[in-house]
Amino acid sequence: MNAALKRFRIVAWIVGTFLILLMFVAMPLKYLAHDDTMVSVISPIHGLCYMVYLVLAFHLAQQAGWKFWPQTVGLMLGGTVPIASFFVERWAHRRILEEHPQAADPKVRTEEAV
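Every letter in the sequence shown is one number past the one before it in the numbering used here, and letter 11, counting from 1, is 11.
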């Protein structure tokens, strides 16, 4: 669970950062300055990172034993709204530490496929 939580947290921050860049920098440049260079660069990066985010979110929810609705779906949708992934990451981290206190100690290893 430790590794799954750490991977999810890192990717959640990456997805959130790229989505903010896309929505608040690249899109205004595209429509106000008629320059779509940043959109063509940032958009595919965010798309790829979001696919990784979906897989890691699903894996984390499965390891935590969460129901598909609403916990897993909410976790997976966190990367679709600007800044939401930061809040969802924080929520998931707190909830996992409440439900699985052993996840707080990086020295504790459970039988987990990496």
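Positions of the beta carbon are idealized from the N, C-alpha and C atoms, including for glycine.
- In angstroms, rounded to a whole number, what distance separates the CA positions of V114 and H34? With a pLDDT of 48 at V114, under the threshold of 50, the modelled position of that residue is not reliable, and the figure given next carries that caveat. Using only the alpha carbons, I get a separation of about 44 Å.
- Uninterrupted alpha helix (DSSP H) stretches inside the segment 17 to 80 (no shorter than 4 residues): Taken in chain order, the complete alpha helix (DSSP H) segments of 4 residues or longer contained in the segment 17 to 80 are 27 to 32, 37 to 64 and 73 to 77.
- Item | Length of the line joining the Cα atoms of G47 and V15 | Approximately 9 Å between the Cα atoms of the pair.
- Query: Do you know how far the Cα of L77 is from the Cα of A84?
  - Reply: A84 and L77: Cα-Cα distance of roughly 9 Å.
- Give every residue of the same chain whose Cβ lies closer than 7 Å to the Cβ of A61, excluding the five residues on either side of it in the sequence, and list them in chain order. Cβ within range, chain order: Q71, T72 and L75.
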